[in-house]
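Engineer: One structure follows; several queries about it will come next.
Protein chains: 2
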Amino acid sequence: MKSRIETDGYGRKKVIDACMEPCAIERGMRIIGGKWTGSLIYHLKDGPVRFNDLNRMLGGATKKMIDQRLKELEARGMVLRTVINDRPIAVTYELTELGRSALDILEDLRLWSEKYDIR
Amino acid sequence: MKSRIETDGYGRKKVIDACMEPCAIERGMRIIGGKWTGSLIYHLKDGPVRFNDLNRMLGGATKKMIDQRLKELEARGMVLRTVINDRPIAVTYELTELGRSALDILEDLRLWSEKYDIR
DNA sequence: CCTTTAGGTATAAATAGTATACCTGTAATA
DNA sequence: TATTACAGGTATACTATTTATACCTAAAGG
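Chains as they are written, first to last, in our numbering: chain A, 1 to 119; chain B, 1001 to 1119.
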């Protein structure tokens, strides 16, 4: 991410070290910036939450989205899915250490968003 | 964002303070988390950059995307577009104070992304 | 019985992003 | 002089992601 531009004598510029394909910012955003992903992680910050509770917490997201996002996060090792009860099926989702490691960024984002009244 | 769940005597849970529609995290993400938006802001951190240079810096994004994102950011007052030369047309984009205010979050995201080798 | 809850899945429609080509005008190159 | 290259975009068509809505199985409550 050290790309910069140089200007020649004619005022023209050239990129010296363009970041090829997704750079770190972009890669990070594709994980926690996916639609609903940040909210999902943030709502798991206080411990295990059940599927339908997450669904209710994230007003606006459909079950399909929540399901998909949780599966992505699980596949990345950021979230752990546990079946706590069969028969009356019951499942909880919770953050792993890796999942927790993203919380600081999300908290800062929340503060920023509130401070500048982002809508 | 103080939603929580309570458990009744039968082990059932209910959401007490669901965040209605997009909460602060989600609203923030929709600004700086849009595809390419974070990278775009980050690449403007050292001062004005011209359109085609941004295009080259963000390998992978099309001009259309860059154009669209810059227009969104401009509309939100995070980026300033300046025509520095007519005839041989030349335009630069730079961050406003509001735009700069997002840089800390992006820098943390970059560090996180690199630390945990997010791909 | 009928409805509600849990944890999802199926289908279709709407929205967002990508690839590719092209436009106007200036300037350097062959 | 003809050709090509660059600036800053726009147009078109296509693909992928997200949304809305309905539905499924099983258990429990009224």
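Just so you know, even glycine gets a beta-carbon here, dropped at the ideal spot from N, CA and C.
Using the Cβ count rule (16 or more neighbours within 10 Å means buried), how would you classify residue 47 of chain A?
Structural biologist: exposed
Engineer: May I ask you to list the residues that DSSP assigns as paired with residue 1095 of chain B?
Structural biologist: Note: residue 1095 of chain B sits in a beta bridge opposite B:1079.
Engineer: Residue 1078 of chain B and residue 1092 of chain B: beta carbons closer than 7 Å?
Structural biologist: no
Engineer: Got a sec: is the Cβ-Cβ distance from residue 1013 of chain B to anything in chain A below 7 Å?
Structural biologist: Per-residue confidence for residue 1013 of chain B stands at a pLDDT of 38, beneath the threshold of 50, marking its modelled position as unreliable; the derived number appears in the next sentence. Yes - at least one Cβ of chain A is within 7 Å of the one on residue 1013 of chain B.
Engineer: On the criterion of 16 or more Cβ atoms from any shown chain inside 10 Å, does residue 111 of chain A qualify as buried, or is it exposed?
Structural biologist: Residue environment for residue 111 of chain A: exposed (fewer than 16 other C-beta atoms within 10 angstroms of its C-beta).
Engineer: Does the pairing of the segment 78-88 of chain A with the segment 1070-1088 of chain B give three or more beta-carbon distances under 8 Å?
Structural biologist: no
Engineer: Spell out whether any CB of chain B is found under 7 Å from the CB atom of residue 97 of chain A.
Structural biologist: It does not; no Cβ of chain B falls within 7 Å.
Engineer: Should residue 1118 of chain B and residue 106 of chain A be called a contact, given that it needs their Cβ atoms to be closer than 7 Å?
Structural biologist: no
Engineer: Check the C-beta distance from residue 76 of chain A over to residue 31 of chain A and give it rounded, since I have them as a contact under 8 Å.
Structural biologist: 7 Å
Engineer: Can you name the residues of chain A whose CB is closer than 7 Å to the CB of residue 1086 of chain B?
Structural biologist: The contacting residues do not exist; residue 1086 of chain B stays about 14 Å from chain A at best.
Engineer: Check the Cβ of residue 24 of chain A against every Cβ in chain B and list those closer than 7 Å, keeping chain order.
Structural biologist: By Cβ distance, chain B contributes 1110, 1113, 1114.
Engineer: Using a Cβ-Cβ cut-off of 7 Å, state whether residue 77 of chain A counts as contacting chain B.
Structural biologist: no
Engineer: Under 8 Å: do the segment 1033-1044 of chain B and the segment 1063-1070 of chain B share three or more Cβ pairs, one atom per stretch?
Structural biologist: yes
Engineer: Compare the C-alpha of residue 45 of chain A against each of A:64, A:102, A:114 and name the closest.
Structural biologist: A:102
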